[in-house]
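Residue numbers for the first sequence follow this note's numbering, beginning at 1 and rising by one.
To keep things clear, I will list the structure first and then write my remarks on it.
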Amino acid sequence: MQTTRRMARCLGRLLRLTPVVDRWTPPRRGGRAPYYTFILLGRPSLAPMADLPDKRTAPIDWYLAVVEAADLSDKRYGIKGMNVWPRYGFRARRNLDRILVREIEATGSEAVEFPALIPANEFAKEKEHIKGFDAQVYWVTRGGLSELDVPLVLRPTSETAMYPIFALWVRSHQDLPLNVYQIVNTFRYETKTTRPFLRVREIHFFEEHTCQLDEDRATDRVRSNLDAFARMAGAFCLPYLAVRRPDWDKFAGAHYTIALDIPIGGARTLQIGSVHHYRENFSVPYRISYETATGGRANVHQTTFGLSERLLGAIVAVHGDERGAVFPSEIAPYEVVIVPIPTATARAAIEAATRELADRLARAGLRVFLDRGEERPGAKYFRWELRGVPLRLEVGGRELEGRRASAVDRLGTRSTVALENLETEVAERLRAFDRELMRRAQVAFRESFSVATDLSQLNGSTRVRVVGWCGSEACGHEIEKAIDGALLGVPEGTPPAVEGPPGPCIACRRSDGVRWAFAAQPI
RNA sequence: GGGACUGUGGGGUAGCUUGGUCCAUCCUUCGGGGUUCGGGACUCCGAGACGCCAGUUCAAAUCUGGCCAGUCCCA
């Protein structure tokens with residue numbers, strides 16, 4: 001039974017019921033009052049640890065509840081969009097970063113770090129760029145008690161911090177390519193609602209910046225970045241789209257932008273990264289030029305590759321279920337949790353055995369947690385399922401006797417592990433878990449798309465729509481209006497859900513130069 | 001930028017309309033004791049909150065104003 005607050009009070013008195021705000025009512029729309037649900041006096045509903053909102057009907061509430069209950073982010077800091085990384089969540093972030101570093105360094109990129117503050121005059125050099133970020137930068141205008149002569153921008157991204165220095169670093173063709181990245185925090189003054197990991201004001205940002213000899217080499221670098229991302233996404237078990245954004249939606253200052261998008265239910269998508277080709281757009285104003293092999297001068301062509309903790313949000317949103325988070329093994333704060341099941345007779349033996357198992361797995365390089373808490377085993381199962389640990393090992397009297405451990409992975413697959421082969425069998429279970437996680441994600445991914453051939457099909461769509469688009473901005477905007485979202489752009493490669501080439505443009509019905517494109521509601 | 005709404009222990013909430021019966025309810029959480037322990041244990045004891053600052057009043061969680069924080073809608 002649902003009603004408004006005032007009605008709730010009156011009715012509550014009449015009926016001797018206690019009105020209780022349902023913890024997970026859908027988000028309030030407009031100025032309307034929250035919904036109230038009645039429960040019998042004296043029997044308030046239990047709000048158990050992992051009694052999560054329904055992921056399908058209330059995805060935002062589900063997401064926020066999981067992030068909080070699984071101890072991934074603490075959002076009580078007191079500044080909108082600036083959250084605290086608690087120990088458990090930070091472990092996941094460190095694992096995420098480890099994969100980014102591993103894959104980008106495999107392509108010959110090296111780590112650097114630039115300052116967080118950028119002088120206003122440097123920030124303003126590239127006109128499109130400053131226009132794109134003007135409304136969302138934080139300014140530092142005072143040092144101590146005095147006003148600064150040159151105000152400073154807290155980096156929203158680091159082009160304008162790096163490129164004046166790049167101009168000094170790059171002098172000869174022998175200095176190229178320059179491929180460097182940094183993982184730092186950046187700041188954007190978001191005015192819209194913020195969400196942990198998905199939209200924040202202090203962004204945990206991975207950014208690669210490169211300088212190349214010419215346009216083709218820069219195009220190659222874009223490809224190389226996309227390949228690197230494919231490997232990263234493999235570790236995250238995340239199927240994704242690489243989409244060339246329409247011109248009106250590209251990064252401020254870019255020649256073109258290839259965005260990485262994932263579907264996250266209904267027609268909604270989440271951008272989890274982007275690769276940009278800058279051509280000479282920044283190297284001209286920042287004078288990043290070099291002496292060629294033949295003695296002439298040329299401007300470098302630049303690229304960037306950006307990722308953030310949104311990836312973590314994407315992993316939670318895509319893999320999580322009604323029991324909580326589900327982490328792919330490479331991201332999981334702990335890959336294995338060991339739950340001892342003490343018995344009256346074998347308590348000490350079980351204690352000793354589980355310690356030894358934990359030691360062995362740790363020595364084998366696995367992130368393992370031995371849960372020696374006082375809770376009963378069942379409570380521990382729920383907690384670690386909520387927190388998304390891929391594999392749980394149970395060791396009790398029965399296991400001890402049989403020299404084995406019972407294993408249950410986060411997707412519910414049960415098996416038995418022989419203690420003598422513990423390390424290899426656990427590694428095997430984790431690989432099988434990742435494969436199954438990816439398989440499930442791919443099934444859901446494919447089901448997220450469907451072709452639309454008429455604008456009327458876009459309204460209220462429950463899928464990301466694949467449409468024929470002639471490439472004109474006017475038609476693009478018409479499509480965006482029809483779906484109440486955005487035209488994501490043209491896929492790199494063949495899109496899901498299609499057979500053969502596109503028909504006529506969904507908006508203007510022209511059939512020349514038509515490409516497949518995605519229409520969706522980005523969050 | 002314009003508008004609407006919300007703020008009570010660590011989390012979720014009751015109480016506010018009609019100020020007093022509130023040293024603030026219930027669930028969860030946390031600390032301690034006991035009995036338990038193969039899927040969220042039970043029990044006893046204890047801890048912990050009215051966003052901030054003013055104002056009205058004999059009396060403010062409750063009314064008024066400002067501020068801060070958050071949410072939603074529209075541009």
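For each residue, glycine too, the CB sits at the ideal point set by N, CA and C.
Close beta carbons around residue i, own chain, < 8 Å, minus the five adjacent residues each side
| i | result |
| --- | --- |
| G493 | A242 |
| V513 | Correcting the residue identity first, residue 513 is Gly in this sequence and not Val. So the qualifying residues of the chain are C470, G471. |
| I203 | N185, T186, F187, R188, S308, E309 |
| E110 | N179, V180, Y181 |
| I332 | According to the sequence as given, residue 332 is Ala; it is not Ile. Within the same chain, A332 has close Cβ partners A92, N95, R367, G388, V389, P390. |
| I165 | F114 |
| P522 | D261, R268, T269, L270, Q271, G485, A486, L488 |
| L226 | A242, I258, V275, E492 |
| G320 | K55, W62, Y63, V66, V326, G388 |
| R465 | A267, F449, S450, V451, A452, Q457, L458, I483, F518, A519, A520 |
| L400 | A346, A349, I350, A353 |
Distance, residue j Cα to residue i Cα
| i | j | result |
| --- | --- | --- |
| P328 | E385 | 13 Å |
| A135 | C475 | 28 Å |
| H129 | H209 | 15 Å |
| D249 | L307 | 18 Å |
| I341 | E159 | 55 Å |
| Y63 | F205 | 21 Å |
| P456 | L312 | The amino acid occupying residue 456 in the given sequence is Ser; Pro does not appear at that position. Cα-Cα distance, rounded: 35 Å. |
| V140 | E122 | 14 Å |
| R102 | F229 | 11 Å |
| R507 | R429 | According to the sequence shown, residue 507 is Ala rather than Arg. Approximately 50 Å, taken between the alpha carbons. |
| P86 | A70 | 10 Å |
| V318 | Q442 | 10 Å |
| I118 | R372 | 49 Å |
| T219 | H301 | 9 Å |
| L148 | I288 | 28 Å |
| V153 | R142 | 12 Å |
| G460 | I483 | 7 Å |
| P239 | R509 | 31 Å |
| V426 | V137 | 47 Å |
| G296 | D216 | 18 Å |
| T25 | T57 | Any reading at T25 is ruled out, since the residue's pLDDT is 29, under 50, leaving its predicted position unreliable. |
| E291 | L361 | 54 Å |
| A161 | E126 | 12 Å |
| R414 | V316 | 23 Å |
| G78 | L145 | 25 Å |
Run of the beta strand (DSSP E) containing residue i, from where it starts to where it stops
| i | result |
| --- | --- |
| K75 | 74-79 |
| N83 | 82-84 |
| H319 | Careful: H319 lies outside any beta strand (DSSP E), inside the alpha helix (DSSP H) at 310-319. |
| Y138 | 138-143 |
| N281 | Neither: N281 is in no beta strand (DSSP E) and is coded neither H nor E. |
| D149 | 146-154 |
| A58 | Note, A58: premise wrong, no beta strand (DSSP E); not H, not E. |
| E202 | 202-212 |
| G489 | 486-491 |
| L52 | It is not in any beta strand (DSSP E) - L52 carries neither H nor E in the DSSP assignment. |
| V451 | 449-451 |
Element boundaries [alpha helix (DSSP H), containing residue i]
| i | result |
| --- | --- |
| F166 | 159-169 |
| I130 | 127-133 |
| I104 | 87-105 |
| D220 | 215-236 |
| F123 | 120-123 |
| G70 | The residue asked about is misnamed: residue 70 is Ala in this sequence, not Gly. Where A70 is concerned, there is no enclosing alpha helix (DSSP H), given that its DSSP letter is neither H nor E. |
| P377 | 377-386 |
Residues near residue i by beta carbon distance below 6 Å, same chain, minus five either side
| i | result |
| --- | --- |
| R32 | Any reading at R32 must be qualified, since the residue scores a pLDDT of 26, below 50, and its modelled position is unreliable; the value itself is stated next. Cβ neighbours of R32 beyond the five flanking positions: none. |
| S511 | P504 |
| R245 | T257, A259, G489 |
| A358 | I338, V368, L370 |
Contact set for residue i: own chain, Cβ-Cβ below 7 Å, skip 5 residues either direction
| i | result |
| --- | --- |
| L419 | R403, R404, A405 |
| F133 | P156, A252 |
| E480 | A486, L487 |
| T354 | I338, P340, L370, V395 |
Worksheet entry | Every unbroken alpha helix (DSSP H) within the region 455-484, with a cutoff of 4 residues, ordered by chain | Listed in chain order, the complete alpha helix (DSSP H) runs (minimum 4 residues) inside the region 455-484 are 473-483.
Practice prompt. Kindly confirm or deny that the region 190-201 and the region 228-243 touch, where touching means at least three C-beta pairs closer than 8 Å.
Written response: Short answer: they don't touch.
Worksheet item: What are the start and end residues of each continuous beta strand (DSSP E) run of 3 or more residues lying completely inside the region 396-436, in chain order?
Response: Within the region 396-436, the complete beta strand (DSSP E) runs of at least 3 residues are 404-409, 414-418.
Discussion item. Three Cβ pairs or more, each shorter than 8 Å: is that satisfied between the region 250-259 and the region 281-289?
Written reply: By the C-beta criterion, the region 250-259 is judged to be in contact with the region 281-289, since at least 3 inter-stretch pairs fall below 8 Å.
Worksheet item: Using 8 Å as the Cβ pair cut-off and three pairs as the minimum, do the region 425-439 and the region 337-353 touch?
Response: Judged by Cβ distances under 8 Å, the region 425-439 makes no contact with the region 337-353, as fewer than three pairs qualify.
Discussion item. When you compare the region 256-272 with the region 163-177, are there three or more beta-carbon pairs, one atom per stretch, that lie closer than 8 Å?
Written reply: They do not touch, by the three-pair rule.
Worksheet entry | Whole runs of the beta strand (DSSP E) within the region 315-373, excluding any shorter than 3 residues | As far as the region 315-373 is concerned, its whole beta strand (DSSP E) runs of at least 3 residues are 336-340, 368-370.
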